[in-house]
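Asker: Plus 52 on top of the position in the sequence shown (first one is 1) and you've got the working numbering. Positions of the beta carbon are idealized from the N, C-alpha and C atoms, including for glycine.
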Amino acid sequence: MSPLPHLRIGAVDIGSPFVQAALSGYSDWPMRLLARRHGASYTLCEVMLDQFVVAMKENRQKNKHFLHISDDEHPVAGQLMGAEPEQFAAGAVRLAAAGFDVVDI
Numbered sequence: 053m054s055p056l057p058h059l060r061i062g063a064v065d066i067g068s069p070f071v072q073a074a075l076s077g078y079s080d081w082p083m084r085l086l087a088r089r090h091g092a093s094y095t096l097c098e099v100m101l102d103q104f105v106v107a108m109k110e111n112r113q114k115n116k117h118f119l120h121i122s123d124d125e126h127p128v129a130g131q132l133m134g135a136e137p138e139q140f141a142a143g144a145v146r147l148a149a150a151g152f153d154v155v156d157i
C-alpha cells in the first residue's frame, strides 16, 4: 500500500490529505478542534463575508469566536467571500492578522 500524498498550499504544509471542510454555521473553533483530534491535519473556519470581517469589533463578546484560533490548531484557514476588491482585500488582511495560515477565497 502506498503512503498517502503529502499536501501543501503555497508555503503552508498541510500534511495528510484528511481535512475538515468549511461548513457555514458549523466550522467554529470547537468543531475545528474536534476535527483535529479525530485526524484532520488542516481545518477551515466557516465562511465569513468580507464586510462582516472588516466591520467586526474584536472586543465584542459575540464576535470573538469568529477569529479565535488556538495555538495547537495550525495550519488553519479562514474562508472569505465578497464582491468588492478593496473590501475583500481588507478582509483578507484582517484574517491573516488574526493568525489564519491560509485565506480561502
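By DSSP's criteria, Asp156 is part of a beta bridge. Which residues make up the other side?
Answerer: Residue mapping note: residue 156 aligns to position 104 of the sequence shown, counting from 1. Per DSSP, Gln131.
Asker: So, with DSSP's three-state summary, where would you put Val71?
Answerer: Here the question's residue 71 lines up with position 19 in the sequence shown. Correct three-state label for Val71: strand.
Asker: Decide if the region 76 to 92 is in contact with the region 57 to 66; the criterion is three or more beta carbon pairs, one per stretch, under 8 angstroms apart.
Answerer: No: the two stretches stay apart, fewer than three of their Cβ pairs being nearer than 8 angstroms.
Asker: Would DSSP call Val105 helix, strand or coil?
Answerer: Taking the first residue of the sequence shown as position 1, residue 105 is located at position 53. Here Val105 sits in helix by DSSP.
Asker: Measuring straight from C-alpha to C-alpha, what distance separates Phe140 and Arg84?
Answerer: Along the sequence shown, read from residue 1 onward, the residue named residue 140 stands at position 88. Along the sequence shown, read from residue 1 onward, the residue named residue 84 stands at position 32. Rounded to whole angstroms, Phe140 to Arg84 spans 24 angstroms at the Cα level.
Asker: Answer with buried or exposed for Asp102, where buried requires no fewer than 16 other C-beta atoms within 10 angstroms of its C-beta.
Answerer: Residue mapping note: residue 102 aligns to position 50 of the sequence shown, counting from 1. Buried.
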